[in-house]
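In the numbering used here, the protein residues as written are 52 to 193.
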Amino acid sequence: MQWRDHGIEFTDTDPPTSRAEARRVLAVLRAATPVPEGAKTISDLLFQVNRLIHHLTRHVPDEDEALVREELAVLEGIRETQRNHSTYMWLDSRIGAIKAELGDVTGARRALESAIYESRMLNEPELGRFCTEILQKLPEPQ
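Okay, structure coming up:
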């Protein structure tokens with residue numbers, strides 16, 4: 052599958068590999084939402100963004116805190132406009148990981164628990180394990 056718009060082009064086999072490129076994709080998605088349910092272009096892009104978030108979470112090192120906070124703002128903006136369980140799962144996993152990095156234990160816990168719940172519903176055990184590992188490293192709520 053290939054998606055191209057606003058100067059962004061990537062495929063399943065060649066996802067963006069930098070946070071800067073990812074943020075461009077996410078910004079385009081945020082600008083495109085909300086959209087009517089079933090709109091093919093946006094659903095294709097959501098699928099790609101899900102894969103992208105998964106890829107970046109595991110393979111691209113974090114950059115400075117300001118950029119991480121910018122990514123968090125974009126992801127949270129997208130999260131507020133979506134009604135898709137798979138999208139919730141991927142977004143919440145990344146939001147939780149970022150909030151854990153930034154020391155927001157309550158926000159991280161809430162997002163990670165949501166992602167774990169969705170991963171069980173959608174039979175995505177690998178993502179559930181990933182989120183559980185992060186959750187277990189968080190300090191207990193006070």
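Virtual Cβ for every residue (Gly too), placed ideally from N, Cα, C.
As the structure is a prediction and not an experimental result, all values here were calculated from the model.
Length of the line joining the Cα atoms of residue i and residue j
i, j, result
"lysine 188", "isoleucine 129", "26 Å"
"serine 144", "glutamine 193", "23 Å"
"alanine 124", "glutamine 133", "15 Å"
"glycine 154", "glutamate 131", "22 Å"
"arginine 180", "glutamate 116", "25 Å"
Exposed unless 16 or more other CB atoms sit within 10 angstroms - verdict on residue i
i, result
"methionine 172", "exposed"
"glycine 89", "Here the model assigns glycine 89 a pLDDT of 47, short of 50, so the residue's position is not dependable and the matter cannot be decided."
"glutamate 122", "buried"
"proline 87", "The predicted model places proline 87 with a pLDDT of 45, which falls under 50 and marks its position as unreliable; any figure quoted below should be read in that light. It is exposed - the Cβ of proline 87 has fewer than 16 other Cβ atoms within 10 Å."
Segment limits, alpha helix (DSSP H) that includes residue i
i, result
"aspartate 143", "136–153"
"glutamine 187", "176–188"
"glutamate 191", "Note, glutamate 191: premise wrong, no alpha helix (DSSP H); not H, not E."
"leucine 163", "156–172"
Closest by C-alpha distance to residue i, when choosing among the options
i, options, result
"arginine 120", "Arg161, Glu164 and Ala151", "Ala151"
"arginine 160", "Ser137, Glu184 and Glu177", "Glu184"
"alanine 162", "Tyr139, Thr132, Glu175 and Arg180", "Tyr139"
"glutamate 191", "Val156, Arg134, Asn135 and Glu131", "Val156"
"leucine 126", "Glu116, His136 and Gly147", "Gly147"
"histidine 136", "Arg180, Tyr168, Leu153 and Gly154", "Tyr168"
Cut-off 6 Å between Cβ atoms - residues of its own chain near residue i, not counting five sequence neighbours on either side
i, result
"glycine 158", "Lys150"
"leucine 186", "Leu163"
"glutamate 175", "none"
Same chain, Cβ closer than 8 Å to residue i, neighbours up to 5 away in sequence not counted
i, result
"leucine 178", "His105, Met140, Trp141, Ser144, Ala166 and Ser170"
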